[in-house]
Every structure is written in structure tokens, then in C-alpha cells.
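These protein sequence lines map, in sequence, to chains E and R. Residues in the first sequence are numbered from 1 upward in steps of one, following the working numbering. Residues in the second sequence are numbered from 1001 upward in steps of one, following the working numbering. Yeah, the Cβ is synthetic: ideal placement off N, Cα and C, and Gly gets one too.
2 protein chains.
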Amino acid sequence: MRVFGVDPGLTRCGVGVVDQLSGRRAALVDVGVLTSPAETSVDLRLLQIDQRLGAWMDEHVPDVVAVERVFAQNNVPTVMGTAQVAGLAMVAAARRGIPVALHTPSEVKAAVTGSGRAGKEQVQRMVAQILSLAEPPRPADAADALAIAICHLWRPGGALQGGDRHQLTAAQRAWAAAEHTARRGKR
Amino acid sequence: MRVFGVDPGLTRCGVGVVDQLSGRRAALVDVGVLTSPAETSVDLRLLQIDQRLGAWMDEHVPDVVAVERVFAQNNVPTVMGTAQVAGLAMVAAARRGIPVALHTPSEVKAAVTGSGRAGKEQVQRMVAQILSLAEPPRPADAADALAIAICHLWRPGGALQGGDRHQLTAAQRAWAAAEHTARRGKR
């Protein structure tokens, strides 16, 4: 299973692609940060991020797109842009028939470090360790996107446990079943 | 000038198209409400709204897309979906080279009724009067979308006053100038 993790943001949107390996292991496929210039209008910034999210999905063809869930309580000036980029990532995935999963920041921390209250540095060290990297990916948004992707593989009832489908909607389950059948047909 | 107004929402997204007439008059072109089923997953709901927003833009070819500005302070459960639909409307416009304008709820009320604190019913009555309709469009989301479009025409320094371009970004101004030249070439 290949997961595309998205740490949404308008100024910096972290993206990371991870492949599930046997056991509790995962391999880094690609990681990066999509940026948009603050001096440009919001519509053109969103368009730029949208086009690059789509290009990443087309290049890496993930089985799932995992996006950090944004909360309205985060009452900071950037939260609207963050929510909008999360929405774009969801639509870009849905347009391609790729199931979407949302994970909260504490779910991500818990899945990667064992504690939902772990600090950012601890999460980044664990991401590096899990992916056998010499050091955590920089900037932090890139490491966070990888953490979200790893979370999707390792969460309770997650892909590793074969319980992935039970978290999908009826439409997504139908899609997953159809895709599963199509893949078996290729063998 | 033709304005496409969007009152963003995930459950109900109001859309309304208005043509500017001479003087302080405007004509209703089309109005409606885009809905998405609450029992479907958010990604598929957003995709559905996105596709319908794009279809409305392709059908009516507006000169400007005016979207109600969403604030993080609106700490209600629906604010994230509202922000995401607003983002989709902005990207759908940007993808088509259509300039985007954002207007706050009080700007809309002030432009339509003369008071930024006007009630919903007063706004709806004025929308009906401005567009020479026998009664306000229903549901309220539809009337609100028309109010946003009218606001874009009537706001201080707005289209009616010929000051529209000064509120656009550099990229949007460049686009508007190019389009203006292309249109003059057609005559």
C-alpha cells in the first residue's frame, strides 16, 4: 500500500509518499513542500497548490490520500487557508477515485511515537527512524506529511491490521472493491 | 458586467448570477442552491459541489466570481466545510482565468440595504426589489448568493464606479487588461 500524506497549508503544504513494507516498516518514496507566494491573491495561491497536489498524485499514484484534519478551534489567521488546502487535497483525490482518510494531529503523534502529546521533534526523530533516514526531513512540514502517511499505515485498525476498509464510506468501499478486483484481474 | 455570487456551504451552497444594467439596476440571470448529501464522506461531497460550481461558471461565463469571505471566528461546526467550499469556488474561478473578489457579510448587507447590520429578511427584500422579482428567491442561501453578486456591483469603488481594477491583484489586473484588449479587438 502506498500512502500520500498531506500536511495542509497555504504558505507551506507538506507532502510525503510512503510505501508500506512487511512488518512495522515503511519506505520513503518522495517528500517535499509545496509553497505559494504570500504577495499573490488567495485564489491564485490556492490554484498553484491545487495543480501541484494533482501532479504529485498523478506521479505517485497512491492507494490512499491521508490529510491532517483541521479544526475550527485553531483560531489563528492561517486556519482558513489550511482548511481550504485540505479541501483541495480531498477533491484532488476524489476526482482521481483515490480514497481519503483524515487524521487528527494527536492521532498522528500517537501512531508514530506512542504518545498523542509528543513534541514535534520527537515525531520527526521517529519519522526518520521508521523510514531509515540518517536525519529527519526538513522543513518540519515535510516530516509532518510523512508522519501523517505513516499514521495511516500504523493507526489502530489501520492498513497493517487489514481493517482499512471499515473506515471508508460506502462509495469508497465500492471503489476499493472494484479496484481490488481489477488488480487481481491483472495478475 | 456579469457577476457570479457564491454563498459557500457544504450542505447548501447558494449560487446566483446577476448582470449589471445601466444606473443602479441589475438583472437576474440564474439562481440556485448546490447541495451535497450529509451521509456521504466529505471528500465526495466537496467533489460534487466543485463539479457543479465549475458547470455553473462554464454555462454563465461570469466576468467576476464574488465569494462571501469566511472567518475563523465563526466557531461553528460547519465553518470548515464552508471555508473549503469557498476555496473550491476560488480555484474553479482561477482555473478559468476569472478574477475573484471576496466580500464580508457586513459589506454585503451595507451594499444592498445601506446598513451593515441589516437583518436577513431585509437583505432578501432588497434583493427582490433590485432584481424586480415579485418575491425573494428561496431558500435564503440563493438570495444570499444574489446579494453577494449585487454587492460586488454596488460596493464603494465597485464596478459601477469604474474602480473595479484597483481591487484586483497584479496578476488579475494583467488578465483583465488582456481580456479587455481581446474584447475590443472583436468589435
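Here R/Gly1005 is buried: its Cβ has 16 or more other Cβ atoms, across all protein chains shown, within 10 Å. Scanning its chain for C-beta atoms nearer than 8 Å, with the 5 sequence neighbours on each side dropped, one finds around E/His60 the residues Arg2, Phe4, Val17, Val29 and Asp30, in chain order.
With contacts defined as CB atoms closer than 9 Å, R/Ile1130 and R/Val1108 fail to qualify as a contacting pair. Interface criterion not met: the Cβ of R/Ala1149 is under 9 Å from no Cβ in chain E.
Not flagged as an interface residue toward chain R: E/Asp141, since no C-beta distance is shorter than 9 Å.
One alpha carbon belongs to R/Ala1055, the other to R/Gly1032, and they sit about 13 Å apart.
The Cβ-Cβ distance between R/Glu1135 and R/Ala1128 falls below 9 Å. Taking a cut-off of 8 Å for Cβ pairs, the stretch 31-46 of chain E and the stretch 1041-1050 of chain R do not touch, as fewer than three such pairs fall below it.
Around the C-beta of R/Ala1027, fewer than 16 other C-beta atoms lie within 10 Å, and the residue is accordingly described as exposed. Collapsing the DSSP output to three states places E/Gly14 in a strand.
Here R/Asp1050 is buried, its C-beta having at least 16 other C-beta atoms within 10 Å. Here the alpha carbon of R/Ser1132 sits roughly 25 Å from the alpha carbon of R/Ala1101. Neighbours of R/Ala1038 in chain E, taken as residues whose beta carbon is under 9 Å from its own, are absent, since the nearest beta carbon is some 12 Å off. Residue environment: E/Leu34 is assigned as buried (16 or more neighbouring CB atoms within 10 Å of its CB, all protein chains considered). If you look at R/Val1031, you'll find it in the beta strand (DSSP E) that goes Arg1025 to Thr1035. Around E/Asp7, no beta-carbon contact reaches into chain R at under 9 Å, the shortest distance being about 16 Å. Rounded to the nearest whole angstrom, the CA to CA distance from E/Asp58 to E/Ala89 is 13 Å. Secondary structure at R/Leu1102: strand, using DSSP grouped into helix, strand and coil. Beta-bridge pairing by DSSP links E/Phe4 to E/Val17 and E/Val65. Annotated three-state conformation of E/Glu121 is helix, per DSSP. Judged by beta-carbon spacing, E/Val67 lies within the 9 Å limit of E/Pro8, meaning their Cβ atoms are closer than that value. Ranking R/Ser1022, R/Lys1120 and R/Leu1053 by CA distance to the CA of R/Leu1153 puts R/Ser1022 first. Chain order gives no chain R residues near E/Gly32, where near means a beta carbon separation below 9 Å; the closest approach is about 20 Å.
E/Leu10 sits close to E/Val85, with the two beta carbons spaced by under 9 Å. The alpha carbon of R/Asp1019 has as its nearest neighbour, out of R/Gly1087, R/Pro1062, R/Cys1013 and R/Arg1096, the alpha carbon of R/Pro1062.
Under the Cβ distance rule, R/Arg1002 does not count among the residues neighbouring chain E, no pair being separated by less than 9 Å. R/Gly1014 and R/Gly1081 have their C-alpha atoms spaced approximately 14 Å apart.
Not a single C-beta of chain R is nearer than 9 Å to the C-beta of E/Arg12. Annotation for E/Ala72: no alpha helix (DSSP H) segment contains it, and DSSP assigns it neither H nor E. In this structure, the alpha-carbon of R/Leu1053 lies about 18 Å from that of R/Ala1140.
Collapsing the DSSP output to three states places R/Glu1135 in coil. Residues are counted here when their Cβ sits less than 7 Å from a Cβ of chain R; for the stretch 41-56 of chain E these are Ser41, Val42, Asp43, Leu44, Leu46, Leu47 and Asp50, given in chain order. For R/Arg1138, no Cβ of chain E is located within less than 9 Å of the residue's own Cβ. For R/Gln1084, at least one C-beta of chain E is nearer than 9 Å to its own C-beta. In chain order, Val33, Thr35 and Asp141 place their CB closer than 6 Å to the CB of E/Arg12, counting only its own chain and leaving out the 5 sequence neighbours on each side. Within chain R, the residues whose beta carbon sits less than 7 Å from that of E/Arg95 are Leu1047, listed in sequence order.
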